[in-house]
Amino acid sequence: MENFVNMGRQFLQNQQGGGDGAQAGSGSGFNINNIVSHAMNQSPQQGGQGQQQLFGQVANFLQQKHDNGQIDDNVNEGDLMSSFRKITQGGNGSSQEVGQAAAVGAFQHMFGQGGQKQGGGTDALIGKALSLVQQHGGDSDAMHHASETVMKLVMKHKMQSMLGGGGGGNLSGLMSLLS
């Protein structure tokens, strides 16, 4: 369990230094083309150009919000887990709930594979979240919520790490619920 939390901490610390080298020109910490590529590769539906455009639009919107300082680290892990349980147990939910569940699912996929960290960094997390929204029948609004929730979690943990937050901050609480 502690090993699982440490892997998440290590992943996010690598992101602080641009560990994947996948930076958009604006310094947002992610690359739109990589996000689209990850989402397309992990999507069970091969929707072609239309699907690729949708993922690209969501990633562009996320970058604009990030660059304009419209994404903060205010996220409630309890709400995320409630949405995750509701959606994964077959419940219908709002676009926000589907997006939040997909973001949690992306973290679970990234760190829950037998203790092996999957590669790709923030781009892969966002791409996986987008593909999960699609798998749950979510719309573009749900994709926006998913990508923004991933960024909020990454930003929240980075800030707590930089300020010396004990125990990995709230992300460790989220990660412990996933194990």
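For the sequence shown, counting from 1, position 27 maps to 27 in full-length UniProt numbering; every step adds exactly one. For glycine and all other residues, C-beta sits at the position ideal for the given N, C-alpha and C. Since the structure is predicted, the reported quantities are computational estimates derived from the model, not experimental observations.
- The DSSP-derived three-state label of His136 is coil.
- Linking Ile71 to Lys65 through their CA atoms gives a straight-line distance of about 6 Å.
- A residue is called buried when at least 16 other Cβ atoms come within 10 angstroms of its Cβ; Gln49 does not meet this threshold and is exposed.
- The DSSP-derived three-state label of Phe111 is helix.
- With fewer than 16 other CB atoms across the displayed protein chains lying within 10 angstroms of its CB, Asp79 is exposed.
- Rounded to the nearest whole angstrom, the C-alpha separation of Asn92 and Asn33 is 31 Å.
- Exclusion of the five residues before and after Gly138 leaves Val98 as the residues of its chain whose Cβ lies within less than 6 Å of its Cβ.
- Rounded to the nearest whole angstrom, the CA to CA distance from Gln42 to Ala124 is 9 Å.
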